[in-house]
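If you read the sequence shown in the numbering used here, its first letter stands for residue 1102, the second for the next number, and so on.
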Amino acid sequence: MSTLNKSGAFNVNDSCGGEQAGRMSRLIVKGLPSNCTEEKLRSHFKSFGKITDCSLKYTRDGKFRRFAFVGFETDENAQKARDNLHNAFMGTSRLTVEECKPFGDATKPRAWSKYAKGSSAYKRLHPEEEEEKMKRIISLRGSSPLAKKIRKESDKEFYDFIEVQKSALPIASSSNDESNNNLIEELLTGVSGDTSLSLIICGFPKTVKAKGIKDWFSPIKLKGIKIVRGSAEAIAFATFFKESDVKKALKRNEQFFGGSKLEITKVLSNRVSKDVEDYVHMTREAEVEASVAKILETGRLFVRNLPYVCSDEDLRYLFKKYGEISDLQMIVSKKTGLCKGFAIVTYVFPESAVAAFSALDGSILKGRMLHILPGEEKREMEQIDITGKSAFQKTKVAKLKKEAGKSHSWNTLFLGANAVAETLAEKLDVEKSDLLLGQGEISAGVRMALAETRLVSETREYLLANGICLDVFSRPATKRSNTVIIIKNLTTKVDTEELKRMFARHGPVKQLLMPPGKLKVVKIR
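Okay, here's the thing in structure tokens:
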């Protein structure tokens, strides 16, 4: 639209955000004091620049994990904070301040904490989650294409696993080795969950009870026991609470239970966990494929977790690298005028949207990690219903629609003949019909032309006096303003306050200009 020519009140600052949107603007701070709060952490870092995000991490039970993420508006501020505070003290705790890696970064360190999902320590403490995932696999077997694929790829490995486990077990003397092998296969086939804290015990009498096995292992506590009985002996699968208990139980290998010598061995591999990992991995792949397919249909991206200080130009600079953007809608708060944290980006070519999705999902902008989802199809505007109108009215609507698309009608100083007549009639305090049909030497056409020239001159002088640049439309590839709107086709009786109230519903009106002829308004938000 129009733009001011004074000190850039309406001009976009070309040096804004885009180049500042880098991966180094977000830091991870480790080794925080156990009594640290968000307020204390912000106070500790605020001297290095504007903080866009400060997030302390807690367990499900509300226990502070003693690390946090701090995001800065610029890379330079984050770098300064890291250089000054790494290995520095906060209270009596020495801090470790490092660059936060984007999601999916190959150099990102592997999670090891017992609180971090995906780590081996977390899986040992939460076997029920692995079991729940396994139940989903079992429930889908034979029906879901995804489950069939998992089954096809894993069945061969499963039988290999059974054979290796059989060969590793020193089975007690038996006249029927085939029977013992069948027991092992039956025992392992029914296993679900993490087996890193489980042992296989062979050589029990076939009449053994779970209580008897628990008493034999006492004071070591067992989490669960599964017993499979054969014709001559029984085999047990025992799961413990702690790794230290597993080590103590292994020391009882070759001890006697009643008159039977027991053989205790660890489970050599975790086929069940691999099944779960395959399920999770393939599920993620399926989700990504579904997202890409939807983006290829719509060409739209829904961007979440944007920093509140982010501007339209910051986002456009970041996303335009991947293709031509046809539309960008940033949702802004009516009260503050700041970004509410999400936006919708539409590309001319859907392939560009896919490239942006792959590259920017999980990346860092002004200290915050972006989350990008496929956007829904844009809703079509309701068409004007012209049914029931006369042939003349339909022709008039079609003509107005055709004229609206012509460039001259959107010229800043273009005035319609009807608007000129109404304005002149109001100024002279006469009826419009008298003006057009009145007697005199000068024809109505000449009177309208003279009136239009005068109104255009008055409007031009008024707009120039208020800093409006009128020749922007004639400049090649002029960048349009996102905050200035020209309102045309107003009636002569329009009231400035009424217009202000009308547009204030969509955001605060910073300035409103009404030329003397009341033929247009420039609204600045």
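Idealized CB from N, CA, C, for every residue including glycine.
query, result
"If you follow the beta strand (DSSP E) that D1428 is in, where does it begin and where does it stop?", "I1426 to V1433"
"To the nearest angstrom, how far is it from the Cα of I1272 to the Cα of F1305?", "At I1272, the pLDDT of 46 sits below 50, so the modelled position is not reliable; the number obtained from the coordinates is stated separately. So the alpha carbons of these two residues sit roughly 11 Å apart."
"Leaving out five residues on either side along the sequence, give the residues of the same chain with a beta carbon under 8 Å from the beta carbon of F1450.", "G1400, G1424 and E1425"
"Please state whether the Cβ-Cβ distance between I1321 and A1337 is less than 8 Å.", "no"
"DSSP state of Y1555, grouped into three classes?", "In the sequence as presented, Tyr is not what sits at residue 1555; that position holds Arg. Here R1555 sits in helix by DSSP."
"Around the Cβ of I1302, are there at least 16 other Cβ atoms within 10 angstroms (buried) or fewer (exposed)?", "buried"
"Can you name the start and end residues of the beta strand (DSSP E) that D1154 belongs to?", "I1152 to Y1159"
"Can you look up P1475 in the DSSP assignment and give me helix, strand or coil?", "strand"
"Pair every Cβ in the segment 1404 to 1422 with every Cβ in the segment 1147 to 1155, then say whether three or more of these pairs are closer than 8 Å.", "yes"
"For a test of the three-state rule: what should DSSP assign to I1321, helix, strand or coil?", "coil"
"Is the segment 1178 to 1194 touching the segment 1132 to 1139 in the sense that three or more CB pairs, one from each, lie closer than 8 Å?", "yes"
"For L1300, is the classification buried or exposed, using 16 other Cβ atoms within 10 angstroms of its Cβ as the cut-off for buried?", "buried"
"Quick check: is any heavy atom of the ligand SAH less than 7 Å from the C-beta of F1604?", "Among the ligands in the structure shown, none appear at all, so the ligand SAH cannot be discussed."
"For K1640, which of K1141, A1179 and F1168 has the nearest alpha-carbon?", "With the chain represented from 1102 up to 1626, any question about residue 1640 goes unanswered, as that position is not in the structure."
"Are E1287 and V1329 close, meaning C-beta to C-beta below 8 Å?", "yes"
"For my contact list, G1476 and F1403 are in at a C-beta cut-off of 8 Å; report their separation, rounded to the angstrom.", "5 Å"
"Between E1139 and L1128, which are expected to be in contact by the criterion C-beta below 8 Å, what is the C-beta distance as a whole number of angstroms?", "Not quite, the Cβ-Cβ distance comes to about 15 Å (not below 8 Å), so this is no contact."
"What is the rounded straight-line gap between the Cα of K1312 and the Cα of S1297?", "23 Å"
"If you follow the alpha helix (DSSP H) that A1444 is part of, which residue opens it and which one closes it?", "Here A1444 belongs to no alpha helix (DSSP H); instead the beta strand (DSSP E) covers C1440 to Y1448."
"Less than 8 Å separating the beta-carbons of V1446 and C1440?", "no"
"Could you have a look at Q1085 and say whether DSSP puts it in helix, strand or coil?", "Residue coverage of the chain in this structure runs from 1102 to 1626, which leaves residue 1085 outside it and unanswerable."
"Which class does A1391 belong to by DSSP, given the choice of helix, strand or coil?", "helix"
"Sort L1551, F1318, S1332 and D1316 by Cα distance to T1308 and report the nearest one.", "S1332"
"Identify the continuous alpha helix (DSSP H) that holds R1480 and give its terminal residues.", "Neither: R1480 is in no alpha helix (DSSP H) and is coded neither H nor E."
"Whose C-beta lies closer than 7 Å to the C-beta of V1521 among residues of the same chain, with five residues either side of it excluded?", "M1549, A1552, E1553 and L1556"
"Does DSSP put K1147 in a helix, in a strand, or in coil?", "helix"
"With a threshold of 8 Å on Cβ separation, who are the neighbours of R1469 within its own chain once the five nearest residues in sequence on each side are excluded?", "R1127, T1153, D1154, G1172, N1406, L1407 and P1408"
"What residue from A1457, L1474 and S1427 has the CA that sits closest to A1391's CA?", "L1474"
"First and last residue of the alpha helix (DSSP H) that includes T1597?", "T1597 to A1605"
"My output table needs one value for V1521: the three-state DSSP class, helix, strand or coil.", "helix"
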